[in-house]
Amino acid sequence: MIGRLMISSFLVRPHSYNSFWNVLWLNFNNVCKNKIIYNQIYVPVQTLKSNTKDEINCYNEPKAKIVLLLNLKSPEDAVPFYKLPMKTLLHIYKVTMNDVENGFCENRLYYLASRLKCSPTGLCEKLTKRIFVYSLSFDWLKNALDILLEMGVSEDRIIRDLWILKYHHETIRLRLQQVKDKGIDNLYPWMVRCPEEVLNRSIRLSQETKNILGETKSTQIYLANRLNTSLDSVEELYSKTPALKTIRVTKAKKFLDFLINEGFTVEDIANKSRVLSASQKTVQQRLEMLRDLGVNDINLNVLCRSRRDFKKYCDTLQLLAKKDK
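In UniProt numbering, the protein residues as written are 1 to 325.
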């Protein structure tokens, strides 16, 4: 089936409407190897997300004209804006024109992309889902970015959490400085947005982690030291039990201390390290159950079985105990 798609060739002049109305014929079964040609600009068909006849027939000329006035530099950048409601587009147009008149930027998409060192095309989908960026004053936006970058929050983290730009720059500075004063340099935008109690808990965990790791700087090195083994051996443990990769060092320390205190050797723990990915509370309860059943020589692998398998194991022990009587 062949459908008709009208879209801009996106020449630079904002009022070049003649260039906007290029009619391209789409053969949905064979579209130039899944690409459409826009005056030598190649755009993947999937970018348009116009794969149905209904969507093509719903083409909105007034919206397309507004999109052309937003100083966008490529069709890829324009498509996410075209999907927005007309009222939203008009608001973005008004803000964009004001930014241009005051010499701030051509479009906030490109301003953000420049400050955050990322591709505008990669950013535009996220930005069109965070339209509040076009409701902030330019000074507010600039000051928030200045503080975040000055305090050492990475560009990638800001991109993933654009909500942080809603916060006043002084609020951002105070929160992040509060975290830095506690000796934590690895900063995230959520640290500004989260409730005080959540932040305090995170700070406490980070401080505990720092104290436990000391100079090792790595949970992997910490485990190798505690288990008297090599980094390669720990890496092998990770491959066998992927959940170990995400274990907090605070949990690892408490768990190891508990198991050693219960009489297990570090060699036994290293050979049956899957137990460290289990719940310490569950392991403790199961140890007590097995000892109540008279079991003293306990295999660590038994302690991290599924609930069903562990119950079967205990039932078997109880049956054997009854037969012995």
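Note that beta-carbon positions come from the ideal geometry of N, C-alpha and C, so glycine has one too.
Note that the structure is a prediction, hence the values are computed from the model and not measured.
Exercise for review: Go ahead and pull the three-state DSSP assignment for residue 293.
Suggested key: coil
**Study point:** Through-space distance from residue 180 to residue 138, alpha-carbon basis
**Key:** 27 Å
**Study point:** Spatial neighbours of residue 184 in its chain, beta-carbon cut-off 6 Å, leaving aside the 5 residues before and after
**Key:** 206
**Study point:** Pick from 322, 120, 131 and 171 that is closest to residue 143, judged by C-alpha positions
**Key:** 171
**Study point:** Where residue 246 falls, given that 16 or more other Cβ within 10 Å makes a residue buried
**Key:** exposed
Check your understanding: Is the segment 75-95 touching the segment 121-132, taking contact as three or more C-beta pairs under 8 Å?
Key -> yes
**Study point:** Backbone CA spacing between residue 223 and residue 124 [nearest angstrom]
**Key:** 43 Å
Point to revise | residue 331: first and last residue of the uninterrupted alpha helix (DSSP H) it sits in | key: Since the displayed the chain opens at 1 and closes at 325, residue 331 lies outside it and no answer follows.
Review point. Expressed to the nearest angstrom, what Euclidean distance is found between the alpha-carbon atoms of residue 243 and residue 196?
Key: 30 Å
Exercise for review: Write down the C-beta distance between residue 164 and residue 193 rounded to the nearest angstrom, noting that I regard them as a contact closer than 8 Å.
Suggested key: 7 Å
Point to revise | Which of helix, strand or coil DSSP assigns to residue 242 | key: helix
Review point. For residue 216 versus residue 228, is the C-beta distance shorter than 9 Å?
Key: no
Point to revise | Buried or exposed by the 16-neighbour rule on C-beta atoms within 10 Å, applied to residue 50 | key: The pLDDT assigned to residue 50 is 45, lower than 50, so where the model puts this residue is not dependable, and the model offers no usable value.
Review point. By Cβ distance, which residues of its chain are closer than 8 Å to residue 237, with the 5 residues on each side in sequence left out?
Key: 223, 244, 270 and 273
Review point. CB-CB under 8 Å to residue 318, same chain, minus the five flanking residues each way: which ones, in chain order?
Key: 293
Check your understanding: Going along the chain, which residues of its own chain have a beta-carbon closer than 8 Å to the beta-carbon of residue 72, five neighbours each way excluded?
Key -> 10, 78, 81, 107 and 109
Check your understanding: Helix or strand or just coil, what does DSSP make of residue 262?
Key -> coil
Exercise for review: Provide the residue span of the alpha helix (DSSP H) that contains residue 124, from first to last.
Suggested key: 120-127
Check your understanding: Do residue 155 and residue 187 have their CB atoms nearer than 9 Å?
Key -> no
Check your understanding: Is it right to say residue 286 is buried, meaning 16 or more other beta carbons lie within 10 angstroms of its own, or is it exposed?
Key -> buried
Check your understanding: What separation, rounded to the nearest whole angstrom, lies between the Cα atoms of residue 70 and residue 175?
Key -> 35 Å
Exercise for review: Would you check if the distance between the CB atom of residue 112 and the CB atom of residue 90 is smaller than 9 Å?
Suggested key: no
**Study point:** Contacts around residue 299, its chain only, beta-carbon distance under 8 Å, and the 5 residues preceding and following it disregarded
**Key:** 272
Exercise for review: State the Cα-Cα distance for the pair residue 119 and residue 74, rounded to the nearest angstrom.
Suggested key: 12 Å
Check your understanding: By a C-beta neighbour count over all protein chains shown, 10 Å radius and 16 as the cutoff for buried, is residue 329 buried or exposed?
Key -> No statement about residue 329 is possible, as the shown extent of the chain runs from 1 to 325 and does not include it.
Practice item. Measure the CB-CB distance between residue 284 and residue 251 and report whether it falls below 9 Å. Key: no
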